[in-house]
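Numbering (the numbering used here), first residue to last: 19 to 340. Don't be surprised by glycine CBs; every beta carbon is placed ideally from N, CA and C. Predicted model, so just to flag it, every value in this text is computed and none were measured. These notes are about the structure you will find just below.
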Ligand code: NDP
C-alpha cells in the first residue's frame, strides 16, 4: 500500500550534492529523506579512480567514496529511499513528490540534486572501453595520460577546454570534430589554434573505439564526412566531450531552466525562484561539474534550507499568537 513519508527536508538525488545536503541537514535536525533515483550515488559510481577529492592521499574508487558519503549521511540521521521520483508538486511548502513505488514524499523544503549525465556517442567499443581509455571527463582522468597521446571528440566549449586542459599532461592532443567549424567561443578557439601541441581533425565522425590488445583503447576509427574515407587515429586516451544533459525533465514548466536545460538559481546561491526549493550540484552547474563543487553547493542548499525553515517556523508562531 502506498505510504506518505513526511520530512522537513526532502532531497531528490544521491550524488555528492544530495548526500552533502543530507549530512548538513541531518546535523541541523531536519531529518532528511533522500530519494536515490535510478543511479544511486550518481556519476561517481561509474567512475573508477578518483584522485582529486580532498582528504585522500591515495587514489580512491568513486563507488567507495559514494558508499562512505551515504554511510555518513545515514549515520547522522538521513533516511535513504530506494525510489525514483516521477512527479513533483511545487505550489508551495510542503512540496510533494510521487515515486515509482506509488509512495508520496512530502518535505517542508525541497532540495533538487538530480545531477547530469555526460552525453555519449553510442558507438561500438565506447561502453566496453569506458574507464579503459575512454572517458568523458578530462579533469578527472587527464592525469592518467601523462606523456601519452590523447584525442578529444566534440566542437563546443567543453571539448576545446578539455583539449587545452589535457596539454597539461600530454604533448600530443588531437581534437576530432564532425564539421569544419567549431561551436566554441572565439577566445577558446584562438587559444586552441595557437597551441603548438594541439591539432584538429575536421569533418571526422567517430565510427568506433578500437582495442588491438583487447585490454585498453588503442585507436579511434573515423569516417570522413565529406569523402567517406575511413582511417584510424592511434591514441591512448579518448575524451568524449559532446555535452551534458541535466536531469531536469521532472521540473520542466515548474522551474525556470536555461537554454541547455539546467535549473536557474539566484547567482551565487542554490535558491530557485520558488521559496523553499533549492537546486545544487550538476543540475544547476554546467561550468565546474566536480564532485567537490557539487558537495559544496549541497552544503549551501542545506544551510539555506535551515534558514528558510527557521523563518517559516517563526511566521507560524506569529500567526498563532495573532
Ligand atoms: P555543446 O552543445 O555546446 O557542444 C557539443 C559539441 O559536440 C558540438 O560541437 C557538437 O557538434 C558535438 N556533438 C554533439 N553530438 C555529437 C555526436 N553525436 N557526434 C559528434 N559530435 C557531436 O556542449 P558543451 O558541453 O561544449 O557546452 C554546453 C554548454 O555549456 C554551452 O552553452 C557552453 O557554452 C557551456 N559551457 C561553457 C563553458 C565556459 O563558459 N567556460 C565551459 C563548458 C561549457 P556540432 O557543433 O556539429 O553540433
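- Scanning the segment 76–145 for uninterrupted alpha helix (DSSP H) segments of 4 residues or longer gives 80–93, listed from N- to C-terminal end.
- Per the DSSP secondary-structure output, residue 27 pairs in a beta bridge with 127.
- Separation of residue 143 and residue 48 (C-alpha to C-alpha, rounded to the nearest whole angstrom) is 46 Å.
- By the C-beta criterion, the segment 62–82 is judged not to be in contact with the segment 107–115, since fewer than 3 inter-stretch pairs fall below 8 Å.
- With respect to the 8 Å criterion, residue 91 and residue 131 are not classified as neighbours on the basis of their beta carbons.
- Looking only at 79, 175, 207, the smallest Cα-Cα distance to residue 149 is reached by 79.
- A distance criterion of 7 Å places the beta-carbon of residue 226 beyond contact range of the ligand NDP, judged by its closest non-hydrogen atom.
- In the pairwise beta carbon analysis, the segment 113–126 is classified as not touching the segment 275–286: fewer than three pairs are separated by under 8 Å.
- In this structure, residue 139 has its beta carbon less than 7 Å from a heavy atom of the ligand NDP.
- If you keep only unbroken beta strand (DSSP E) runs of at least 3 residues inside the segment 203–260, you get 216–219, 222–228, 237–242, 248–252, 255–258.
- For the 8 Å CB-CB criterion, residue 34 and residue 286 do not form a contact.
- Restricting attention to 211, 74, 252, 213, the CA atom closest to the CA of residue 228 is found in 252.
- A Cβ-Cβ contact shorter than 8 Å links residue 235 with residue 256.
- For a cut-off of 8 Å, the C-beta gap from residue 178 to residue 202 is around 4 Å, short enough to register as a contact.
- The segment 143–202 is shown to contain whole alpha helix (DSSP H) runs of 4 or more residues at 156–159, 175–184, in chain order.
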